[in-house]
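Participant: When you line the sequence shown up against the numbering used here, it's residues 14 to 360, in that order.
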Amino acid sequence: MAIRETLKRFLIQPLLVLSAACGTAQAQTGEVNIYSYRQPFLIKPVLQVFTQETGIKVNVVYAQKGLVERLENEGRNSRADLVLSADIGPLYEIASKGLTQAVDSETLRNNIPAHYRDPNKHWFGLTSRARIFYASKERVNADEPLRYEDLADPKWRGRICIRSGKHSYNLLLIATMIERYGEAQAQRWLQGVKSNLARKPQGNDRAQVKAVKEGVCDLALVNSYYFGKMITNVQKPEQIGWAKSVNLIFPNQAGTGTHMNISGVALLKHAPNRDNAIRLMEFLSSPIAQYMYAKENFEFPVRPGTSHSSLIGTYIGEFKADKIELWKAAANLSKAAKLVDRVGFDE
14 MAIRETLKRF LIQPLLVLSA ACGTAQAQTG EVNIYSYRQP FLIKPVLQVF TQETGIKVNV
74 VYAQKGLVER LENEGRNSRA DLVLSADIGP LYEIASKGLT QAVDSETLRN NIPAHYRDPN
134 KHWFGLTSRA RIFYASKERV NADEPLRYED LADPKWRGRI CIRSGKHSYN LLLIATMIER
194 YGEAQAQRWL QGVKSNLARK PQGNDRAQVK AVKEGVCDLA LVNSYYFGKM ITNVQKPEQI
254 GWAKSVNLIF PNQAGTGTHM NISGVALLKH APNRDNAIRL MEFLSSPIAQ YMYAKENFEF
314 PVRPGTSHSS LIGTYIGEFK ADKIELWKAA ANLSKAAKLV DRVGFDE
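1) Work out the CA separation of ALA188 and ALA349 for me, nearest whole Å.
2) Is the beta carbon of ASN407 sitting closer than 9 angstroms to the one on ARG144?
3) Could you tell me if SER347 is buried or exposed, where buried requires 16 or more neighbouring beta carbons within 10 angstroms of its beta carbon?
4) Determine the contact status of VAL45 and LEU297, defining contact as a CB-CB distance below 9 angstroms.
5) In its own chain, which residues sit with a C-beta less than 7 angstroms from the C-beta of GLU106, not counting the 5 before and 5 after it?
6) Pairs of beta-carbons, one from the region 194-205 and one from the region 104-123, closer than 8 angstroms: are there three or more?
7) Which residue wins for smallest C-alpha separation from GLN215, given the options ALA343, THR327, LYS78 and HIS180?
8) By Cβ distance below 8 angstroms, which residues in the same chain neighbour ASN72 in space, the five residues on each side in sequence not counted?
9) One question on the structure: do ASN274 and ILE101 come within less than 9 angstroms of each other, judged by their Cβ atoms?
10) Would you report the Cα separation of VAL235 and VAL62, rounded to the nearest angstrom?
11) For the alpha helix (DSSP H) that contains ARG292, what are its first and last residues?
12) Determine which residues share a DSSP beta bridge with CYS174 and list them.
13) Identify, in the order they occur along the chain, each residue of the same chain with its Cβ nearer than 7 angstroms to the Cβ of PHE358, setting aside the five sequence neighbours on each side.
14) What would DSSP say about ILE125, mapped onto helix, strand or coil?
15) Below 8 angstroms on the Cβ atoms is my guess for TYR306 versus LEU139; work out the distance and round it to an integer in Å.
16) Tell me the residue span of the alpha helix (DSSP H) that contains GLU44.
17) Candidates GLY330, ARG219, LYS308 and GLY270: which alpha carbon is nearest LEU186's?
18) Return the chain-ordered list of same chain residues with a C-beta closer than 8 angstroms to the C-beta of SER109, the five sequence neighbours on each side being excluded.
19) If we ignore side chains and look at the alpha-carbon of each, how far apart do TYR328 and GLY241 end up?
20) By Cβ distance, which residues of its chain are closer than 6 angstroms to VAL74, with the 5 residues on each side in sequence left out?
21) CB-CB under 8 angstroms to GLN39, same chain, minus the five flanking residues each way: which ones, in chain order?
22) With a threshold of 16 other CB atoms inside 10 Å of the CB of GLY277, please say whether the residue is buried or exposed.
23) Could you work out which residue in SER299, TYR239, TYR50 and PRO126 is closest to LEU324 when comparing CA atoms only?
24) Rounded to a whole number of angstroms, what is the C-alpha to C-alpha distance between SER91 and HIS283?
25) Which stretch, first to last residue, makes up the beta strand (DSSP E) that contains ILE275?
26) Just the Cα atoms here: how many angstroms apart are PHE146 and LEU232?
27) Excluding the five sequence neighbours on either side, which residues of its own chain have a C-beta within less than 6 angstroms of the C-beta of GLU312, listed in chain order?
28) Cutting at 7 angstroms between CB atoms, please list the residues of its own chain near THR42, excluding the five before and the five after it.
29) To the nearest angstrom, how far is the alpha carbon of ILE291 from that of LEU280?
30) Taking 9 angstroms as the threshold (C-beta atoms), are LEU97 and ARG130 in contact?
31) In the DSSP assignment, the beta strand (DSSP E) including VAL259 goes from what residue to what residue?
32) Using a Cβ-Cβ cutoff of less than 6 angstroms, which residues in the same chain neighbour ALA343 once the five nearest sequence positions on both sides are dropped?
33) In angstroms, rounded to a whole number, what distance separates the CA positions of ALA302 and HIS321?
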């Protein structure tokens, strides 16, 4: 019953906000073309509101991979204006290859914290998510403060589950450890984590929570939004059981704060609809868009003070987030990948 009432609030609240926001629509012609790493269902609702408010049509090409190569091949002939990414990695790569252009927007500067955007103005975060511990309610003391550094502690020998170290979710965390401690110490830490694994890295994030439920391990490293996806998954009720078997622990609360990643947007170098594209970027940083965009995937808005899904508030609450400048961590992604190979993390 509690889950049902929470879901009711979760579904009704955004409709009320949307109704109030759509009364200010202004007619305008034109279009914006997006290459998107983000799945269509996550971005379609907010793009529909943008079109209703502005009259600007939004066209989206979705792909799981290969967009960087496509942009390189298209060059000046590309019809794409924006790239939407589910992770900072592609944003950093596209910008590093000279495929983007700077956006000098006071709106974006005011709405998006500096640590979630490129200092050269080539990409901007839109939503954030935390990389946290999903801990067995039966075998882990939820009141014990934990840090990412503790994953290498021998007390966790044979008790940790994680997906591939080469996955972007984990690579950014490793890259952050490199930025914070240096490559040598980060390598020692990663070797310690490997020594504490209950099994070879495998599966996706949800598979790690299932493994905790089944007693394969006691602690798993998983993105925060998967809890919302599982606890509301009436189509696969076994996942509700997985979610109920764990406590969510936000690491490093007494220190640097919990590691964060972002989804984000970048304006492409040869954007044929530059003005419309910037207008969409600014809209995506607005309160209504931030709320809608973040709640679709149980993520957190990057704009300070913006409401998030009531379900997030019910199960997660407030926490201290790491405010390291993500561009500095992203600069270490290639080093992080080499480190994963060097310690044989996935073997």
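Glycine included, C-beta positions come from ideal geometry on N, C-alpha and C.
Facilitator: Put simply:
1) 5 angstroms
2) An answer regarding residue 407 cannot be provided, because it is not within the stretch 14 to 360 covered by the chain.
3) The Cβ neighbour count for SER347, taken over all protein chains shown within 10 Å, is under 16; the residue is labelled exposed.
4) no
5) VAL81
6) no
7) HIS180
8) GLU44, VAL45, ASN46 and ILE47
9) yes
10) 31 angstroms
11) Per DSSP, the unbroken alpha helix (DSSP H) holding ARG292 starts and ends at 287-297.
12) Its beta-bridge partners are ALA233.
13) GLY178, LEU203, LYS207 and PRO214
14) DSSP, reduced to helix, strand and coil, places ILE125 outside both helices and strands of the structure shown, so it counts as coil.
15) At roughly 6 angstroms, the Cβ-Cβ gap stays under 8 angstroms, so TYR306 and LEU139 are in contact.
16) Element bounds for GLU44: not the alpha helix (DSSP H) but the beta strand (DSSP E), 44-49.
17) GLY270
18) none
19) GLY241 has its alpha-carbon roughly 8 angstroms from the corresponding atom of TYR328.
20) TYR48
21) With a pLDDT of 42 at GLN39, under the threshold of 50, the modelled position of that residue is not reliable, and no figure is offered here.
22) buried
23) TYR239
24) 7 angstroms
25) Where ILE275 is concerned, the enclosing beta strand (DSSP E) stretches over 273-280.
26) So the alpha carbons of these two residues sit roughly 6 angstroms apart.
27) Taken in chain order, the residues that qualify are THR140, ARG142 and TYR238.
28) Cβ neighbours of THR42 beyond the five flanking positions: GLY68.
29) 8 angstroms
30) For the pair ARG130 and LEU97, the CB atoms are not nearer than the 9 angstroms cut-off.
31) Note, VAL259: beta strand (DSSP E), 259-262.
32) Take ALA343, set aside five residues on each side of it, and the residues of its chain with a beta-carbon closer than 6 angstroms to its own are ILE101 and TYR105, in chain order.
33) 11 angstroms
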